[in-house]
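*Asks:*
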Amino acid sequence: MRLDRGEVGGTGLALLLHAGLISALTMSLAHVPPEPEPPAMEVEIVDSPEVALTAAARSAVAPPAAQAPAPDQPDVAQPSPAPPPPAPSPAPRIEPTPAPRPTPAPRTAPPQQRPAPTPPRSTARPLDSLRLPPAPRTSRLGDDFLAGISDAPSRAPAQSAATFGAEAKASVDGAIKRQIQPCANRQPALGSGAERIRVVLNLRLDRSGRLARPPSVVRTAGVDNDNGRYEQPVIDQAIAVYRACSPLRLPAELYSTPQGGWGNINMTYRVP
Amino acid sequence: MRHILSAMAVVSALALPVAARAQDEPPPVEVDIVGGGVRTGTVVAVPALPVQNAPLAFGRDIATTIASGLRTTGLFTPLGPTGIPNYPYAQANTPNFAVWRSAGAAQLVTGFVQGRPDGSLTVGCYLFDVASGRELVRQGFAVTQATWRRAANKCADAIYSRLTGEGAFLDTRVVFVAETGPKNRRLKRIAIMDSDGSNLRYLTEGEATVVTPRFSPDGNRLAYLSYQGRRGRVWVMDIGTDNKRLLVPGLVQTSAPRFSPDGRRIAFAMSQGGNTDIYVTAADGSGAPMRLTTAPGIDTSPSFSPDGSRIVFESDRSGAQQLYVMNADGSNQRRISFGGPSASPAWSPRGDRIAFVRTGAFRIGVINPDGSAERILTDGWQDESPSWAPNGQFVMFNRFTPSGQSSLFAVPLAGGQARRLPTPQDGSDPSWSPLQR
Amino acid sequence: MRTTLIIAASVLALGVAGCGKKPAPVTAPPAATDGQGTVTSTGNDDVGLVELPGSQAALVAAAGTDTIFFNTDQSDIDDQDRAVLTAQAKWLIANPNVRASIEGHADERGTREYNQALGERRANAAKNFLLTQGVPDSRLLVISWGKERPVATGTGEAAWAQNRRAVTVIVR
Chain A
59 MRLDRGEVGG
69 TGLALLLHAG
79 LISALTMSLA
89 HVPPEPEPPA
99 MEVEIVDSPE
109 VALTAAARSA
119 VAPPAAQAPA
129 PDQPDVAQPS
139 PAPPPPAPSP
149 APRIEPTPAP
159 RPTPAPRTAP
169 PQQRPAPTPP
179 RSTARPLDSL
189 RLPPAPRTSR
199 LGDDFLAGIS
209 DAPSRAPAQS
219 AATFGAEAKA
229 SVDGAIKRQI
239 QPCANRQPAL
249 GSGAERIRVV
259 LNLRLDRSGR
269 LARPPSVVRT
279 AGVDNDNGRY
289 EQPVIDQAIA
299 VYRACSPLRL
309 PAELYSTPQG
319 GWGNINMTYR
329 VP
Chain B
453 MRHILSAMAV
463 VSALALPVAA
473 RAQDEPPPVE
483 VDIVGGGVRT
493 GTVVAVPALP
503 VQNAPLAFGR
513 DIATTIASGL
523 RTTGLFTPLG
533 PTGIPNYPYA
543 QANTPNFAVW
553 RSAGAAQLVT
563 GFVQGRPDGS
573 LTVGCYLFDV
583 ASGRELVRQG
593 FAVTQATWRR
603 AANKCADAIY
613 SRLTGEGAFL
623 DTRVVFVAET
633 GPKNRRLKRI
643 AIMDSDGSNL
653 RYLTEGEATV
663 VTPRFSPDGN
673 RLAYLSYQGR
683 RGRVWVMDIG
693 TDNKRLLVPG
703 LVQTSAPRFS
713 PDGRRIAFAM
723 SQGGNTDIYV
733 TAADGSGAPM
743 RLTTAPGIDT
753 SPSFSPDGSR
763 IVFESDRSGA
773 QQLYVMNADG
783 SNQRRISFGG
793 PSASPAWSPR
803 GDRIAFVRTG
813 AFRIGVINPD
823 GSAERILTDG
833 WQDESPSWAP
843 NGQFVMFNRF
853 TPSGQSSLFA
863 VPLAGGQARR
873 LPTPQDGSDP
883 SWSPLQR
Chain C
-8 MRTTLIIAAS
2 VLALGVAGCG
12 KKPAPVTAPP
22 AATDGQGTVT
32 STGNDDVGLV
42 ELPGSQAALV
52 AAAGTDTIFF
62 NTDQSDIDDQ
72 DRAVLTAQAK
82 WLIANPNVRA
92 SIEGHADERG
102 TREYNQALGE
112 RRANAAKNFL
122 LTQGVPDSRL
132 LVISWGKERP
142 VATGTGEAAW
152 AQNRRAVTVI
162 VR
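Listed in order, the protein sequences are those of chains A, B and C.
Count along the first sequence from 1, then add 58; that gives the number in the numbering used here.
Count along the second sequence from 1, then add 452; that gives the number in the numbering used here.
Take the third sequence: its position 59, counting from 1, is numbered 50 in the numbering used here, and each next residue is one higher.
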């Protein structure tokens, strides 16, 4: 078959128009500003019992105005295993090294298997991993958190000539307590059995009374099967107590002496 | 020999700075601090969540639901979402703590709602300790627009759990009997709702009087007592399919059903010849019921321990209603209540307490499974039918008034004010579901 | 001979009607009512009781009442109850073509599950006495309403005393 002039011209024009359309689309797509990404986190898919119930056509309460009317409920996936959150687990982990906040690694770790004896109502959906540009560290932890931090290995700060005798120790102890206790007084009650737990927090302060590095949990005591779930809240309260009442204002000459100083404090915290 | 000496020299040279460092570090100052144990609410700010690609109302509604969930625990004083500053989507996890410090908030809840192309929502939530700026909770959930409340309740649960150490309990449902009408012509229907009163629907239409509905451990079935056919018998209903069947076929009168923790058995009471005893049978109806008690008199209201190995029940074999514990095969029956007549026991899902009704005064109390540490929690005119939250921290019950009104209430195990659950009509015989999946 | 045959046939028919446990179904359709009115459920897992108001009135006329009462948490039949039940038994024996559903009740001032059992105990106590008066066991049914069917709606001992009762309900 041979094409005549009309057909060739028409085809060529069509091709030209198509090319023009494609390039126009491509270029205009390129101009769409990227949407701000939502914050990064692991996402759990939540199953909906309402799907099956709606299908059974029961008398129902009208949905609130905020919900879009959806006569055919989408089949919602079986909940996927929970993300590993920085929450207390049955055996709470104490981090002996300073850890100001959860590291980014848990966000993308493979999901932990949750025991799920019931058969899924519908097919599982993969986890979504949503990303935000990581926040600057300082804004999450308080403006003064990293002031004075140093990566140098631990060295005793320059010591003053003052001695840290019993009287000086008592007065420093009293001063620290006076300044911290108001924040401790505000801490909420926990369940019965939590009062057996003692958390020892090591606080390394700079001379302005601020934390030189994140507080570290030296040890916890009194944790047993009955009160284990309170260990993390007690740790949280101990940290919050100091942070809410810092910086401490204490005598400069007792910051660091050969016998010790308030630059290095072990705070033992418990709930009443 | 020379090699040994030089090795020792090297080792001591390395050790010297360590030793010197150790000598440089005097022991820390030791300070003992005791917390306040404050029982008034921790102030938690819950601003409206920013929303993308979905109606803005979701952000407000989710924040409102989180705030009310936290308020019902009795442990928090939520701020907002109305009347407090909002924040933009991009700052969901980088809040301005100074604002919240000056508002007096100890804790801050932030998050976001993102509409997805298929119409579903992704809801994220964070919890920050305001004083330290630490992020304590980070959770995300994918839900349909119709089930946004699940995300809000799971967020509130994560926040509550992190701050108290207790298990979750807000993402749950309640099944109960909705009642209307005069005392002698009461219309009773089985109703199911979220534990905050939302999403109420009826599962029966009142064609027969129904009482004491109880959830199965997987939340998919109910066992209840119906007077259908002019005799009280236990029925088992599949919530999803509406299928109902008699637990024990035939005409024998059965009552007081409770599922075992593995969902495979149902313990119940059977009445015949003037005697009521406790039996257990397969929940799927297979096999024959096994009799557990034989004492003359009334043995009823069985409730399994959370490990399924024991059953607490009430018996009047001593002359008055008292609590007894036995092994799940009926052996080793022993009385545990000695503080006054006691009935309607319910074993906590944590296993550490048994809730019951102190008859006579009709108050809800708790007792340890060994019978120690009895404590009365409520003070209504007639409080009955205790049912535990899945975290063992709250007991739901129904409260009658002399005029015949009946409402659902919940009281914390730690004691304190009982809080009413909103229902459109009167309600009785509540049963708290396990945590939803 | 014919009379004998007729009597024998009637006795046979009544005997067949009186016994017969219906097979248990897998599921049951909802009941139209559960005994408030005269229509009973349609499923075959039911007793199939039909109230007979005319006969009920006759029983009350003959025995004075169809109800006996109990003390709190008790199921004892006292002398007054015995007198009533004796008269009821006489009427039942004289009217062999009906049955009686003895229905036990408790007052609201008790826990629900115990009261369900207590109602059965009370009804059973009444039935046992009727048996001693010669009423055949096959004509007597026992059910409990627990505290679900009070007749007195007030609050206080006067109302509660009226609700602690066993009622002899004449049924087909």
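Where is the CB? At the ideal position from N, CA and C, for every residue including glycine.
According to DSSP, simplified to helix, strand and coil, what is residue 258 of chain A?
*Replies:* Residue state, collapsed to three classes: strand.
*Asks:* Under a three-way DSSP split, which group does residue 165 of chain A fall into?
*Replies:* Model confidence at residue 165 of chain A stands at a pLDDT of 40, short of 50, so the residue's coordinates are unreliable; what they give is reported in the following sentence. Looking at residue 165 of chain A - three-state DSSP - the assignment turns out to be helix.
*Asks:* Can you tell me which residues form a DSSP beta bridge with residue 295 of chain A?
*Replies:* Residue 295 of chain A is not bridged to any residue.
*Asks:* What residues in the region 119 to 131 of chain C have a beta carbon less than 9 Å from any beta carbon of chain B?
*Replies:* Answer set for the region 119 to 131 of chain C: 119.
*Asks:* Are residue 248 of chain A and residue 616 of chain B closer than 8 Å when you measure CB to CB?
*Replies:* The answer is yes: Cβ separation under 8 Å.
*Asks:* Spatial neighbours of residue 129 of chain A within its chain, please: CB distance less than 6 Å, with the 5 preceding and 5 following residues excluded, ordered by chain position.
*Replies:* Confidence is the limiting factor: at residue 129 of chain A the pLDDT is only 32, short of 50, which leaves the residue's position unreliable, though a coordinate-based value still follows. Nothing listed; no residue qualifies.
*Asks:* Determine whether the beta carbon atoms of residue 498 of chain B and residue 527 of chain B lie at a separation below 8 Å.
*Replies:* Taking 8 Å as the Cβ cut-off, residue 498 of chain B and residue 527 of chain B do not qualify as a contacting pair.
*Asks:* Grab the span of the alpha helix (DSSP H) containing residue 797 of chain B for me, first residue to last.
*Replies:* Where residue 797 of chain B is concerned, there is no enclosing alpha helix (DSSP H), although the beta strand (DSSP E) it sits in stretches over 794 to 799.
*Asks:* How do the region 507 to 521 of chain B and the region 266 to 278 of chain A stand: do at least 3 beta-carbon pairs fall below 8 Å, yes or no?
*Replies:* Output reads no: the region 266 to 278 of chain A does not touch the region 507 to 521 of chain B.
*Asks:* What distance in whole Å lies between the Cβ atoms of residue 135 of chain C and residue 101 of chain C, which are believed to be in contact at a cut-off of 8 Å?
*Replies:* At roughly 13 Å, the Cβ-Cβ gap does not stay under 8 Å, so residue 101 of chain C and residue 135 of chain C are not in contact.
*Asks:* Using DSSP's beta-bridge definition, name the partner residues of residue 765 of chain B.
*Replies:* DSSP, once it has assigned bridges, lists B:776 as partnering residue 765 of chain B.
*Asks:* What does DSSP give as the partner residue(s) for residue 673 of chain B in the beta ladder?
*Replies:* DSSP output for residue 673 of chain B lists B:690 as bridge partner(s).
*Asks:* May I have the straight-line CA-CA distance separating residue 637 of chain B from residue 660 of chain B, to the nearest angstrom?
*Replies:* For residue 637 of chain B and residue 660 of chain B, the distance between alpha carbons rounds to 12 Å.
*Asks:* Residues of chain B with CB closer than 8 Å to the CB of residue 109 of chain C, please, in chain order.
*Replies:* Near residue 109 of chain C (Cβ distances below 8 Å), the residues of chain B are 750.
*Asks:* Checking contacts by CB at 8 Å: is residue 728 of chain B closer than that to chain C?
*Replies:* Yes, residue 728 of chain B counts as interfacial toward chain C.
*Asks:* Please list the residues of the region 132 to 144 of chain C that have a C-beta atom closer than 9 Å to any C-beta atom in chain B, keeping them in chain order.
*Replies:* Those residues of the region 132 to 144 of chain C that come within reach of chain B (Cβ to Cβ, closer than 9 Å) are 132, 133, 134, 135, 136, 137, 139, 140, 141, 142, 143, 144.
*Asks:* Quick check: residue 117 of chain C and residue 59 of chain C, are their CB atoms within less than 8 Å of each other?
*Replies:* Yes, these two residues count as a Cβ contact at 8 Å.
*Asks:* Tell me the rounded alpha-carbon separation between residue 848 of chain B and residue 496 of chain B.
*Replies:* Approximately 25 Å between the Cα atoms of the pair.
*Asks:* Which residue from B:662, B:695, B:482 puts its Cα closest to that of residue 679 of chain B?
*Replies:* Checking every option, the nearest Cα to that of residue 679 of chain B belongs to B:662.
*Asks:* Within this structure, are the beta carbons of residue 255 of chain A and residue 292 of chain A separated by less than 8 Å?
*Replies:* The answer is yes: Cβ separation under 8 Å.
*Asks:* Within a Cβ cutoff of 7 Å, which residues of the same chain sit near residue 137 of chain C, ignoring the five residues on either side of it in sequence?
*Replies:* Excluding positions up to five away in sequence, the list reads 97, 103, 106, 107, 110.
*Asks:* Would you call the region 577 to 591 of chain B and the region 544 to 562 of chain B in contact, with 3 or more CB pairs under 8 Å?
*Replies:* Cβ pair count under 8 Å is three or more, so yes.
*Asks:* Can residue 617 of chain B be considered in contact with the ligand MN, in the sense that its beta carbon sits closer than 7 Å to one or more heavy atoms?
*Replies:* With respect to the ligand MN, the structure shown offers nothing to examine, as it has no ligands at all.
*Asks:* Compute the Euclidean distance between the alpha carbons of residue 315 of chain A and residue 222 of chain A, then round it to the nearest angstrom.
*Replies:* So the alpha carbons of these two residues sit roughly 6 Å apart.
*Asks:* Would you say residue 248 of chain A faces chain B, with C-beta separation under 8 Å as the test?
*Replies:* By this cut-off, residue 248 of chain A is an interface position.
*Asks:* Taking all protein chains shown into account, do 16 or more other C-beta atoms lie within 10 angstroms of the C-beta of residue 882 of chain B, making it buried, or fewer, making it exposed?
*Replies:* Residue 882 of chain B is buried by the Cβ-count criterion.
*Asks:* Any idea if residue 75 of chain A is buried or exposed, counting beta-carbon neighbours within 10 angstroms, 16 or more meaning buried?
*Replies:* Exposed.
*Asks:* Closer than 8 Å, CB to CB, is residue 551 of chain B near chain A or not?
*Replies:* Not one chain A Cβ lies under 8 Å of residue 551 of chain B.
*Asks:* Of all the options B:611, B:694, B:613, B:684, which has the alpha carbon lying nearest to the alpha carbon of residue 700 of chain B?
*Replies:* With distances taken between Cα atoms, residue 700 of chain B lies closest to B:684.
*Asks:* Taking Cβ-Cβ distances shorter than 9 Å, what residues in chain A pair up with residue 491 of chain B?
*Replies:* Simply 246, 247.
*Asks:* Please confirm whether residue 176 of chain A has its beta-carbon closer than 8 Å to some beta-carbon of chain B.
*Replies:* Because residue 176 of chain A sits at a pLDDT of 37, beneath the cut-off of 50, its placement in the model cannot be relied upon, and the point is left open.
*Asks:* Could you give the DSSP three-state label for residue 822 of chain B: helix, strand or coil?
*Replies:* Of the three classes helix, strand and coil, the one that applies to residue 822 of chain B here is coil, per DSSP.
*Asks:* For residue 734 of chain B versus residue 762 of chain B, is the C-beta spacing smaller than 8 Å?
*Replies:* No, Cβ-Cβ distance for residue 734 of chain B and residue 762 of chain B is not below 8 Å.
*Asks:* Taking the C-alpha atoms as reference points, what is the distance between residue 694 of chain B and residue 618 of chain B?
*Replies:* Rounded to whole angstroms, residue 694 of chain B to residue 618 of chain B spans 34 Å at the Cα level.
*Asks:* What number of angstroms, rounded off, separates the C-alpha of residue 525 of chain B from the C-alpha of residue 258 of chain A?
*Replies:* Their backbone Cα atoms lie some 29 Å apart in a straight line.
*Asks:* Excluding five sequence neighbours on each side, which residues of the same chain lie with their C-beta closer than 7 Å to the C-beta of residue 156 of chain A?
*Replies:* Only weak support exists for where residue 156 of chain A lies, its pLDDT of 34 falling under 50; the coordinates are left without a value.
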